[in-house]
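S.K.: Below are the structure tokens for one structure; questions will follow.
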Amino acid sequence: MPHPLVTEKDIADFQRDGVILIRGLFADHVEDLRAGVAKNMTEPGPYASENKKDGETGRFFDDYCNWQRIPEFETVIRTSPAAEVAADLMRSQEVQVFHDHVLVKEPGTSMATPWHTDGPYYFVGGKQTVSFWSPLDTVKEAALRTVAGSHKWEKPVLPTRWVSEESFFPNEDDYMPIPDPDAEGMTIREWDMMPGDAVAFNYDILHGARGNTSPSRRRAFSLRLVGDDARYIERPGPTSPPFPEHGMVPGQKLREDWFPVIWPAN
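Each step along the sequence shown adds one to the number in the working numbering, with nothing skipped, and position 63 is 218.
Structure, rendered in structure tokens:
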């Protein structure tokens, strides 16, 4: 039987569309996550960035790979229902941590999160992947937007650098151009969300978010997990996150000392 937060229909919808909404996935952990985000912003990690193009207003902060140094994040990763729900959605026997990601848009932040897919930035190959994007504030205008079914497109979407819009890797011909889902009439999924709700989506789902024009902050915590078929693959350059000196070879399961198995729980 799946975890009470998801149904067999939810699992089938996730497999078909690559994205579903899970109400209350982190509802019991919102204060821990808020405390973790505050620590992350006070003491940013080496990958922290301030995303702002010329002429943009506000502040768009993001950082990743901090769960091992911020106790609140590790507690949530290990004690919330996320691991078990991920196993159900991916139809996987095991679940490994890949990384965490914090994204904060202060009031009046005009910069949008550009349309992109996460998979091409990563050194992970496999169909059993899931990201949980969870707001820590009530969101409407700055909610996550996803394109249902885009994880099944024949070619991956070109990865770019968010501010400069340059290609992330030199092999641009291996990718499809970034589409405009609104102009092209694609099936966009978007929900009003409460703190602790979560959008679950496959790494190859096209997604983005508008700027934050509301008078309130929009803090979001993302957790990226992988399942049984996840394997290390090489890219033509440093990935994001880079995980330098990982020592893995193509086809290898992600090393468990860096990417621990959290389901089944030990």
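C-beta: ideal position from N, C-alpha, C; glycine also.
Within this structure, are the beta carbons of D172 and G304 separated by less than 8 angstroms?
M.R.: Against a cut-off of 8 angstroms, the Cβ pair of G304 and D172 comes out as a contact.
S.K.: Whole angstroms are fine: how far does the CA of I360 sit from the CA of H158?
M.R.: Each residue's alpha carbon lies about 23 angstroms from the other.
S.K.: Among W413, P334, T342, M156, whose alpha-carbon lies nearest the alpha-carbon of H271?
M.R.: The shortest Cα separation from H271 among W413, P334, T342, M156 belongs to P334.
S.K.: Go ahead and pull the three-state DSSP assignment for K307.
M.R.: If DSSP states are grouped into helix, strand and coil, K307 belongs with the helices.
S.K.: Rounded to whole angstroms, what is the Cα-Cα separation between F376 and L188?
M.R.: When rounded, the distance between both Cα atoms is 7 angstroms.
S.K.: Can you tell me the Cβ-Cβ gap for N367 and G213, rounded? I've got them flagged as a contact below 8 angstroms.
M.R.: That pair is a contact at about 7 angstroms.
S.K.: According to DSSP, is M403 helix, strand or coil?
M.R.: Residue state, collapsed to three classes: coil.
S.K.: Considering only the alpha carbon of each residue, which of L299, P336, M349, E400 lies closest to V174?
M.R.: Measuring from the Cα of V174, the nearest candidate turns out to be L299.
S.K.: Can we count A242 as close to the ligand ATP, meaning its CB is less than 7 angstroms from some heavy atom?
M.R.: In the structure on display, the ligand ATP does not appear, and there are no ligands present to speak of.
S.K.: Give me the Cβ distance between V302 and M341, rounded to the nearest whole Å; I'm assuming they're in contact under 8 angstroms.
M.R.: About 5 angstroms separates the two Cβ atoms, so the contact holds.
S.K.: Let me know the secondary structure DSSP gives K408 once reduced to three states.
M.R.: Reduced to three states, the DSSP call for K408 is coil.
S.K.: Jot down the residue ranges of each uninterrupted alpha helix (DSSP H) in the stretch 189 to 243, minimum 4 residues, whole runs only, in chain order.
M.R.: Qualifying alpha helix (DSSP H) stretches, in chain order: 226 to 234.
S.K.: Should P419 be labelled buried (16 or more other beta-carbon atoms within 10 Å of its own) or exposed?
M.R.: So P419 counts as exposed.
S.K.: Could you tell me the boundaries of the beta strand (DSSP E) in which R374 lies?
M.R.: Its beta strand (DSSP E) spans residues 373 to 381.
S.K.: Report yes if the CB atom of Y387 is closer than 8 angstroms to the CB atom of G363, and no otherwise.
M.R.: Contact: no.
S.K.: Suppose contacts are defined by Cβ-Cβ distances below 8 angstroms. Is V294 in contact with R372 by that definition?
M.R.: No, these two residues do not count as a Cβ contact at 8 angstroms.
S.K.: Looking at the secondary structure, which residues open and close the beta strand (DSSP E) in which K260 lies?
M.R.: Start and end: 250 to 260.
S.K.: Is the beta carbon of S247 less than 8 angstroms from the beta carbon of D412?
M.R.: Result no, Cβ atoms of S247 and D412 do not sit closer than 8 angstroms.
S.K.: If you check the beta carbons only, do S289 and F181 fall under 8 angstroms apart?
M.R.: In contact: S289 and F181 (Cβ atoms closer than 8 angstroms).
S.K.: Starting from the Cα of F216, find the closest Cα among D209, G200, G351, M349 and give me that residue.
M.R.: Out of D209, G200, G351, M349, G200 has the C-alpha closest to the C-alpha of F216.
S.K.: According to the neighbour-count rule (16 or more other Cβ atoms, all chains shown, within 10 Å of its Cβ), is P236 buried or exposed?
M.R.: P236 is buried by the Cβ-count criterion.
S.K.: Name the residue from I232, S322, D209, G210 whose alpha carbon lies nearest to the alpha carbon of C220.
M.R.: Ranking I232, S322, D209, G210 by Cα distance to C220 puts I232 first.
S.K.: Can you tell me which of V185, E345, V279 puts its alpha carbon nearest to the alpha carbon of T230?
M.R.: With distances taken between Cα atoms, T230 lies closest to V185.
S.K.: Taking only three categories from DSSP, how would you classify I425?
M.R.: The structure shown has nothing for residue 425, since the chain only spans 156 to 421.
S.K.: The beta strand (DSSP E) that contains H362, what's its start and end?
M.R.: Counting along the chain, the beta strand (DSSP E) containing H362 begins and ends at 362 to 364.
S.K.: Less than 8 angstroms separating the beta-carbons of L176 and D352?
M.R.: Yes, the pair counts as a contact, with Cβ atoms nearer than the cut-off.
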